[in-house]
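Below is one structure, written out as structure tokens; the observations come after it.
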Amino acid sequence: MAEGKKLVIVESPTKMRSIQGYLGDGYEVLSSVGHIRDLADKKDIPAADKQAYGKYSIDIENGFDPYYVVSDRKSKTVAELKRALKSADELLLATDEDREGEAIAWHLLETLKPKVPVKRMVFHEITKDAIQAAIGNTRELDLALVDAQETRRILDRLYGWDVSPVLWYKVKSGLSAGRVQSAATRMIVDRERERMAFVSADYWDVEALAASASAFKVRLVRVDGGQLARGTDFDDTGKLKKAVVILDEEKAQALAHAVDAAGTGTVTKVEAKPGTRSPYAPFTTSTLQQEAGRKLSMSAKQAMSVAQRLYEKGYITYMRTDSTALSTQAVQAARSQAVSLYGDSAVPLKPRVYKSKSKNAQEAHEAIRPSGETFRTPASVSSQLDREELRVYDLIWKRTVASQMADAKYETTTVTIAVQADGRLAEFTASGTVYTFKGFLEAYEEGRDEKRNSQDAAENQSLPAVAVGDELGMSDAEAKGHRTTPKPRYTEASLVKALEEHGIGRPSTFASIIGTVIDRGYATKRGQALVPTWLAFSVVKLLEEHFADLIDYDFTAALEDDLDAIARGEQNRVEWLKEFYFGSEQQVGLRQVVDNLGEIDARALNSTRITDTATLRFGKYGPYLEVADPEDQDAKPRIVNVPEDLAPDELTAAKAQELIDAPVAGDRVLGENPDNGKIVVVKDGRFGPYVQENDPVDPDAVDETTGEVAEAPKPKRGAKKETAPKPRTASLFRSMSVETIDLDTALQLLSLPRVVGADPESGEEITAQNGRFGPYLKKGTDSRSLESESQIFDVTLEQALEIYSQPKYGAGSRRASSALAEFEADPVSGKPIRIRDGRFGAYVTDGETNVTIPRGQQVQDITFEIAVQMLADKRAKGPVKRGAAKKAPAKKAPAEKAPAKKAPAKKPAAKKSTAASAKTDAEKAAARSAAAKKAAATRAANAAAKKS
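For the sequence shown, the numbering used here assigns the number 825 to the initial residue and increments by one for each residue that follows.
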């Protein structure tokens, strides 16, 4: 870098390229590619500091001082930044303007230790005017924002590292708990509990056609003056909340026939009410995630990823914000565009001003909108954006323009018609809404989440002009049955809305939180709905019973308010952390809770009673029903598999009984193995279907009609069982089923691994077999994947040798797959980027970092910029943990050296070998004598050491 240049550091390669184009030759823009350092792993803490920092990488006894290190994957980046800084005369930290961006800037400052002037450069859009304005309006680093971000990081480390291990020991290994993640999981589970407890109610009404100049639909609302029941009149237990008329099917059918027989009705009331609808505020992070979910079927994570790309390319303003405000220039741009597209009447006389409901002071100061002082239309940028980017930009553009447009005006007309039906007065109504002025609806209408009992909503229709007293023809009356519905499950959009309404978390973190909930197996997606798993039920149950405060919605929201107070400089970080961790008179600290957990019954925790005899249990390999024998309480319970796709609210008592009563497809006799005379049966076990060899059975024990083996008589209680060798088993291939497998196929499975032949060069045996990751060949320690399971039986020695002659892919498991697309070199690694087709789908790679293309995105949608960002995101997450050389810590804290501890002596093995068990009595006595002498010598040495 030439002398006198200013160094600008951003956190994204795409952002780097965009900003470099707006600055002159006097600037060089480099990227940190996200955070450059984080809390140290235990292995990276020197021995002298382990006593203070060892457990959390935080010294909880001395001001919760964090121990940061530069991550291994960022050492090259830091070295490049330091080299560039040596020849710079000024450093501009231009990371994002939110709390996390401020923290990245602080870490850069702490690590680079610049000797030149340092300025903080902030902007909320990447345009030439905005960047040049930011250069002239720099500020100092906001340490209150840094404190807030550090506090969050420390809090999440303490919470996760203290609570997660409890889940590992009592529920399942690999689980995690988190401040917002656990509350979100509880929300999903609570909604499912409501659905499970819900009791539906049936009710009937009548629909008919009324006709004057034209026909329109009418619906029965009152009978003899009494209001007809609707879904909203019932509570969640199926009971009525107020006095209404309930029609059953028979009464509704009779009334429908009577209306048809009457043939006419009289208009008794015509009511017209004017109304207005105001436009929606411009997008915040939360509302953008919600609308992208509703209108574009995007996940929150996908929506934020696309929005990030649009921001870094300079098409929209900063996408992490709680503000609904627009700048004066943006308001003028939106109004001008509305007038040019929809006419002068499209905008009100005065600009609209929106006030944010958020108390959060750390977010950007403007809503998400198209960048610049003049908005580019979606049509004008369509050739510059990929499909997903264009869809999100179109959404943001429409919402922003509509937010400054005039109110929509409408008139709703309701007609009431009375029919004398077989001595009963039946009153029908119909409604129709006509917009007299569409206003903002010309540009945009917000999507809606699914609501319960939506079938009760009146159908909007065009009504003919009628007057009170008019006689209308009535025909086609039909009885309609309805059933009340439980609250719909959360979608990502509605969960984001609920989290925001409760004040839990921050919108900028919702996408990653929901992603974690799904990745941890706490919820699965059925369409757009989030369905909790039984694993989530066990986790939430444990947290509710033993960490009640930490999963309480109000407590979690209060934590968020406190963290915002730290960001505003109103709360002391260290004092707050002390109260949270160690406790105070007002609250019990996390440490006290963890230290006083007491006994946790893991079996009870992972159990849900379904019926008197059936209990749902969650085990290592998933959920199953444990069915007790009501006639013999001491008998071993029967295990019944629960289908993976069965939602918790669908496992009713009736469904459980259906699973219990279903015929067992397993234990079906396939025939006799001619080689050893053993009987081959097929079973359907908890871990999947398999075949097994059994000793021959009494012919009378086999049911001739089903081919199933009758249950052997139970041994007498207290009788000693004889140990027997385990029978030979083999799992069925994915392409096979319990119902159709035959004896020949079963014998082939039992013969695996199959010897293909010997390598003529080395003489090593080549075998074909099936494994955890699919079919493969094995020669010594060298394995190669096969394309299909059928090849296990069909592959020849020549074909196997051909496969082994091909070069291995990467570090060693497969042949290189051909590239589906190729791009120029990655700015970080300097290597060409390619899209390849792998075992688990298409992925982007630069030869060092691999990242799978998300579901829903096509290969053709991936541009060079998207590929670079995907690789950068993956690098930021870090590689799979493995042994690495220790780095010098970026921040040291003085700590006393703990006294060296002696390694504990190894305990003798509990189990004896076969040879050892065959020792003579004399040998055993000699061994005991030697052990006693050794113990005595050790005691003597210890006593001598104490005296000295």
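The beta-carbon is built from N, C-alpha and C at its ideal position, and this holds for glycine as well. It should be emphasised that the depicted structure is a prediction, and the values quoted were computed from it without experimental measurement.
Run through the DSSP bridge pairs and tell me what F1261 is partnered with. K1233
When DSSP labels each residue in this structure, what does Q1457 get in the three-state scheme? coil
Could you name each continuous alpha helix (DSSP H) segment of 4 residues or more that falls completely within the region 1597-1630, going from the start of the chain to the end? With a minimum length of 4 residues, the continuous alpha helix (DSSP H) runs that stay inside the region 1597-1630 are 1615-1618, 1621-1629.
I want to see whether chain C comes within less than 8 Å of M1143, judged by CB atoms only; does it? Within the model displayed, chain C is absent; a lone protein chain is all it includes.
Who are the near neighbours of K1710 in its chain, counting only those whose CB is closer than 6 Å to its CB and skipping five residues on each side? Because the pLDDT at K1710 is just 44, under 50, the model does not fix this residue reliably, and the value given afterwards should be weighed accordingly. The answer, listed in chain order, is D868.
In DSSP terms, what Q1516 is bridged to: V1505, T1553
Rounded to a whole number of angstroms, what is the C-alpha to C-alpha distance between S1151 and S1160? 14 Å
Suppose contacts are defined by Cβ-Cβ distances below 8 Å. Is V1163 in contact with V1171 by that definition? yes
Please name the residue, chosen from R1578, P1106, D1048, R944, that lies closest to N961 on a Cα-to-Cα basis. Out of R1578, P1106, D1048, R944, R944 has the C-alpha closest to the C-alpha of N961.
Coarse secondary structure for K1371, derived from DSSP in three states: Reading off the sequence shown, one finds Phe at residue 1371, where the question assumed Lys. Note: F1371 maps to coil in three-state DSSP.
Is the number of C-beta pairs between the region 906-919 and the region 1426-1446 that are closer than 8 Å three or more? no
Under the DSSP definition of a beta bridge, which residues are partnered with E1031? R1043, E1302
On the CB-based measure, 16 or more other CB atoms within 10 Å of its CB, does G1595 come out buried or exposed? G1595 comes out exposed.
Have a look at D1231, Y1600, E1251 and flag the residue whose alpha-carbon is nearest the alpha-carbon of G1263. D1231
Nonlocal neighbours in the same chain, by C-beta distance under 7 Å from A1039, ignoring five residues either side: L1033
Spatial neighbours of G1443 in its chain, beta-carbon cut-off 6 Å, leaving aside the 5 residues before and after: none
Specify the secondary structure class of P1356 as computed by DSSP and reduced to three states. strand
Just to confirm my understanding: we take Q1244, look at its own chain, exclude 5 residues before and 5 after, and list those with CB closer than 7 Å. What are they? A1086
Under 8 Å between C-beta atoms of T1145 and A1078: Cβ distance not < 8 Å, so T1145 and A1078 don't count as in contact.
Could you pull out every residue in the same chain whose Cβ sits closer than 6 Å to the Cβ of A1053, ignoring the five residues on either side in sequence? Y1027, V1068, I1070
Cα-Cα separation between A1746 and P1549, rounded to whole angstroms: With a pLDDT of 48 at A1746, under the threshold of 50, the predicted position of this residue should be treated as unreliable, though the coordinate-derived value follows. Approximately 32 Å between the Cα atoms of the pair.
Bridge partners - I1337, DSSP secondary structure assignment: The secondary-structure analysis by DSSP pairs I1337 with nothing; it has no beta-bridge partner.
What's the gap between the Cα of A1353 and the Cα of P1312? 8 Å
Proximity of A1076 and T1308 at Cβ, strictly below 8 Å: no
If you draw a straight line from the alpha carbon of A1037 to that of G1297, how long is it in whole angstroms? 10 Å
Would Y1268 and R1223 qualify as a contact pair, given that the criterion is a beta-carbon distance under 8 Å? yes
Around the C-beta of P1356, are 16 or more other C-beta atoms found within 10 angstroms, so that it is buried, or is it exposed? buried
Give a yes or no on whether the C-beta atoms belonging to S842 and I950 are separated by under 8 Å. Yes, they are a contact pair.
Tell whether a beta-carbon distance below 8 Å holds between D966 and E1016. no
Helix, strand or coil, according to DSSP, for Y1135 in the structure here? helix
Based on the DSSP secondary-structure assignment, which residues constitute the bridge partners of S855? V834
For L863, the first and last residue of its enclosing alpha helix (DSSP H): Here L863 belongs to no alpha helix (DSSP H); instead the beta strand (DSSP E) covers 861-863.
Strictly by DSSP, which residues pair up with Y1377? Partner(s): none; Y1377 has no beta bridge.
Within 8 Å, strictly: CB atoms of Y1377 and A1007: The answer is yes: Cβ separation under 8 Å.
In the DSSP assignment, find the unbroken beta strand (DSSP E) run with I1590 in it and report its ends. Counted as a single uninterrupted DSSP element, the beta strand (DSSP E) harbouring I1590 occupies residues 1589-1595.
Under 7 Å from any heavy atom of the ligand FAD, does the C-beta of Q1593 make it? Ligands in the displayed structure: none, and consequently the ligand FAD is not present.
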